[in-house]
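Take a look at the structure set out below.
Numbering (full-length UniProt numbering), first residue to last: 1 to 58.
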């Protein structure tokens with residue numbers, strides 16, 4: 001859990017924060033980040049840590 005918190009906090013400090021609509025915990029080790037244009041599912045721990053999958057919202 002601490003790793004997820006760290007990742008989200010460091011992300012919120014980045015420039016892309018202005019585009020973010022919501023961040024949702026979707027599993028034991030994944031978070032979904034909703035931007036205006038797309039949705040990024042990011043694994044933050046476990047076997048696929050650091051992997052991102054992007055889906056356009058249009």
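Heads up, the beta-carbon is just placed ideally off N, CA and C, and yes, glycines get one too.
Looking at chain C, is there any beta carbon in it that lies within less than 7 Å of the beta carbon of residue 37?
Of the protein chains in the structure, only one exists, and it is not chain C.
By DSSP's criteria, residue 44 is part of a beta bridge. Which residues make up the other side?
According to DSSP, which records beta bridges pairwise, residue 44 is partnered with nothing at all.
Would you list the residues sitting across from residue 52 in a DSSP beta bridge?
Partner residues in the beta bridge of residue 52, as assigned by DSSP, are 42.
Please list, in chain order, all residues of the same chain as residue 56 whose beta carbon is under 7 Å from its beta carbon, the five residues on each side excluded.
Once the five neighbours on either side are set aside, the close Cβ partners of residue 56 are 37 and 38.
Take residue 4 and list the residues in its own chain whose beta-carbon comes closer than 8 Å to its own, dropping the five residues that flank it on each side.
For residue 4, where only same-chain residues beyond five positions count, the Cβ hits under 8 Å are 25, 29, 31, 44 and 45.
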